[in-house]
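Below you'll find the structure, written out as structure tokens, and then a few comments.
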Ligand SMILES: [Zn+2]
Ligand SMILES: [Zn+2]
């Protein structure tokens with residue numbers, strides 16, 4: 076019996092979205108997941124055509140990809156991951172990434188989680204991108220370079236309460252690569268929960284490139300389609 080089986084005996088699983096008893100994600104909510112299908116801009120991850128110019132045209136990551144739109148049950152799963160630290164939510168979102176990522180995207184890459192704002196991490200006691208990266212690594216076998224990036228400054232409510240202009244400005248967000256923790260050679264796949272403007276991914280990719288990483292890609296669990 077695994078620790079998880081034991082936990083389920085004590086606390087029977089319920090749907091993370093609608094709280095129906097039985098499974099971490101019930102059949103109805105699973106069926107309502109907003110999968111992104113059809114042609115996509117490889118650079119910014121939006122459905123193609125993404126815009127002129129591509130919103131990621133000047134960003135430091137070479138490609139971005141997400142399996143789901145930031146809507147409906149996927150949005151609720153991300154909230155569960157972010158605010159409840161739900162391992163089950165991390166597992167479901169990691170499975171969605173691993174099962175649908177374009178061939179080769181995750182091959183021979185090191186996963187680097189987008190670092191949480193230090194204040195936010197202290198308050199909640201966990202790091203949701205790190206959790207997502209570790210669950211993804213379990214499925215793909217890719218190594219994780221946790222702690223390769225350090226974040227200072229930036230608004231704690233960067234993606235949540237801030238308006239579009241503030242998010243775009245990436246207000247005072249500063250990310251530094253830690254040389255000793257960087258993978259030697261090869262490419263890096265940044266891992267985060269939500270891709271909104273790409274400003275955070277850009278700041279992280281920029282730091283990694285400056286640290287000598289030749290190629291940086293990004294995967295997120297969900298892609299925001301509006302306000303992008
Ligand atoms: Zn449900
Ligand atoms: Zn694009």
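Residue numbers (my numbering): 76 to 303.
Glycine included, C-beta positions come from ideal geometry on N, C-alpha and C.
(request) Tell me whether residue 205 is buried or exposed, calling it buried when 16 or more other Cβ atoms sit within 10 Å of its Cβ. (result) buried
(request) Using only the heavy atoms of ligand 1, determine whether one of them is closer than 6 Å to the beta carbon of residue 163. (result) No; taking the cut-off as 6 Å, the Cβ of residue 163 has no heavy atom of ligand 1 nearer than that.
(request) Decide if the segment 121-131 is in contact with the segment 156-164; the criterion is three or more beta carbon pairs, one per stretch, under 8 Å apart. (result) no
(message) Suppose the cutoff is 6 Å on Cβ atoms and the five residues either side in sequence are ignored; what does the same chain contact list for residue 164 look like?
(response) 91, 152, 155, 156
(message) Please enumerate, following chain order, all residues with a beta carbon closer than 5 Å to at least one heavy atom belonging to ligand 2.
(response) 116, 118, 119, 125, 129
(request) Kindly give me the distance between the Cβ atoms of residue 265 and residue 279, rounded to whole angstroms, as I take these residues to be in contact under 8 Å. (result) The Cβ separation is near 5 Å, so the contact holds.
(message) Pop quiz: residue 210 and residue 219 are said to be a contact at Cβ under 8 Å. What is the actual Cβ separation, rounded to whole angstroms?
(response) In fact, because the Cβ distance is near 10 Å, the residues do not count as touching under 8 Å.
(request) Please list, in chain order, all residues of the same chain as residue 216 whose beta carbon is under 7 Å from its beta carbon, the five residues on each side excluded. (result) Cβ within range, chain order: n/a, list empty.
(request) Go ahead and pull the three-state DSSP assignment for residue 181. (result) coil
(request) Note the first and the last residue of the continuous beta strand (DSSP E) segment covering residue 270. (result) 262-270
(message) I'd like to check one pair, residue 143 with residue 297: are the Cβ atoms closer than 7 Å?
(response) Going by beta carbons, residue 297 and residue 143 fall inside the 7 Å limit.
(request) Just tell me which of 285, 269, 248, 173 has its CA closest to the CA of residue 301. (result) 269
(request) Would you give the residue range spanned by the alpha helix (DSSP H) that residue 176 belongs to? (result) Segment: none, residue 176 is in no alpha helix (DSSP H) and carries neither H nor E.
(request) Check residue 293 in the structure and name its three-state DSSP category. (result) strand
(message) Does residue 276 come out as helix, strand or coil in the three-state DSSP assignment?
(response) helix
(request) Could you give the DSSP three-state label for residue 134: helix, strand or coil? (result) Coil at residue 134, not helix or strand.
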